[in-house]
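Undergrad:
In the numbering used here, the protein residues as written are 1 to 56.
(1) Hey, residue 37 and residue 46: beta-carbon distance below 8 Å or not?
(2) Please go through the same chain and pick out, in chain order, the residues whose beta-carbon is closer than 6 Å to the beta-carbon of residue 32, but skip the five residues on each side of it.
(3) Measuring only the C-alpha atoms, how far is residue 23 from residue 6?
(4) Out of curiosity, what's the CA-to-CA distance linking residue 50 and residue 14?
(5) Under DSSP, the alpha helix (DSSP H) around residue 19 begins and ends at which residues?
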């Protein structure tokens, strides 16, 4: 595969097993879980309905 004119391929950096660097990186991204629940009237009476959403 050839590169487009005027571009260079990405370079890889050595991996260091550094827990602090990993925590610092994860802290830059918002994460969370939200759960919404309700009881709705279904064909057989009240039924629980739940929606769970995750972000990352």
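For each residue, glycine too, the CB sits at the ideal point set by N, CA and C.
In this text the structure is predicted, and so the values were computed from the model without any measurement.
TA: Inspection of the coordinates gives the following:
(1) Mapped onto the chain shown, residue 37 falls at position 37. Mapped onto the chain shown, residue 46 falls at position 46. Not in contact: residue 37 and residue 46 (Cβ atoms no closer than 8 Å).
(2) In the chain shown, residue 32 corresponds to position 32, counting from 1. These residues qualify, in order along the chain: 55.
(3) Counting from 1 along the chain shown, the entry for residue 23 is found at position 23. Counting from 1 along the chain shown, the entry for residue 6 is found at position 6. Each residue's alpha carbon lies about 36 Å from the other.
(4) To locate residue 50, count along the chain shown from 1; it is residue 50. To locate residue 14, count along the chain shown from 1; it is residue 14. Using only the alpha carbons, I get a separation of about 44 Å.
(5) Position 19 of the chain shown, counting from 1, holds the residue named residue 19. 19 to 27 is the span of the alpha helix (DSSP H), which, as asked, contains residue 19.
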